[in-house]
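Using the working numbering, the first residue of the sequence shown is number 2, and each one after it goes up by one.
A virtual CB, placed ideally from N, CA and C, is assigned to each residue, including glycine.
Some notes on the structure that comes next.
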Amino acid sequence: PTDARPFRFAVWGDNQEYPVRHARGCELMRRHCPDLAISVGDVVTDGRNYDQWDKQFFEPARELLRTTPAYVAMGNHHRNAHWFYDFFSFPAPRHENYYAFTYGGARFVVIDSIQELSPAGPQYSWLVREMKSPAFQRATWRFTFFHTPPWSEGWPEWAGDEEVRRWIVPLHQQYGVTASFSGHTHDYERGFRDGTCYIVTGGGAGSLDPWARDYPHVTVYHSTWHFCLVD
2 PTDARPFRFA VWGDNQEYPV RHARGCELMR RHCPDLAISV GDVVTDGRNY DQWDKQFFEP
62 ARELLRTTPA YVAMGNHHRN AHWFYDFFSF PAPRHENYYA FTYGGARFVV IDSIQELSPA
122 GPQYSWLVRE MKSPAFQRAT WRFTFFHTPP WSEGWPEWAG DEEVRRWIVP LHQQYGVTAS
182 FSGHTHDYER GFRDGTCYIV TGGGAGSLDP WARDYPHVTV YHSTWHFCLV D
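Laid out in structure tokens, this is it:
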């Protein structure tokens, strides 16, 4: 579509464990007619288990996937298994676990926060090139998607990913990312920091996590099943 065309996309994450609940969420998403749907990871409990890809992801999401292009970020439960690469065909450059694309006036950047994130790894170099690219720079809206959040108020043992805070967050600030979506913590969180809206949307269907701490910039918190719609 042209830059001027309005559109809607859906975001959800961490649907593993409960396919019936996941099917209900996907049906509700489908009713809202999103142009795109993006999962921030953990679509199965163990990515090495072939049967789970059908039972926990493809079967519950089948009606949504019939009509809606879907993208998936690598999650820790995927175990970097070969099934992830066999089932999905995402844009190059490397092994399809990190990639970017343009839709309308928005640039979508999907990052693999489970693998190497530091400047020593190829993903970081790719990400810097991507954020410097004309496609990224001329986009009205710039979105990132990855599994582990930089900050999290839920899950007592989880305060956020230190590697994401150290290497990815500064790039968000430097290159003007509009909003960043992640999962891993099974709740909904939202807040602004240094010009970027950070959203945790990990309530796709899995067991919910309790509140554990308070980050001042996280202003909304709900331990509930949900998905996001962005217009």
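Taking each of Asp195, Thr3, Cys229, Glu190 in turn and checking the Cα distance to Trp156, the smallest one comes out for Glu190.
For Tyr125, no beta strand (DSSP E) segment is defined; the enclosing uninterrupted segment is the alpha helix (DSSP H) at 123 to 133. According to the DSSP assignment, Tyr104 belongs to the beta strand (DSSP E) that extends over 100 to 104.
DSSP assignment within the stretch 163 to 231 yields the following whole alpha helix (DSSP H) runs of 4 residues or more, N-terminal first: 170 to 176.
Only exposed fits Gly196, as fewer than 16 other CB atoms lie within 10 angstroms of its CB. For Cys27, the closest C-alpha among the options Ser224, Gly204, Asp232 is that of Gly204.
For Trp84, the uninterrupted alpha helix (DSSP H) run begins and ends at 83 to 88, by DSSP. A direct Cα-to-Cα measurement between Arg32 and Ala11 gives close to 11 Å. For Arg166, the CB contacts under 7 Å within the same chain, skipping 5 residues up- and downstream, are Pro151 in chain order. With 16 or more other Cβ atoms from the protein chains shown falling within 10 Å of its own Cβ, Tyr199 counts as buried. By the neighbour-count criterion, in which a residue is buried when 16 or more other Cβ atoms sit within 10 angstroms of its Cβ, His185 is buried. In this structure, DSSP gives Thr145 an extended state, which the three-state scheme calls strand. The beta carbon of Asn77 sits closer than 8 Å to the beta carbons of Gly42, Asp43, Ile115, His148, Thr149, His185 from its chain, once the five residues preceding and following it are set aside; these are given in chain order.
Looking only at Ser153, Trp84, Leu37, the smallest Cα-Cα distance to Phe102 is reached by Leu37.
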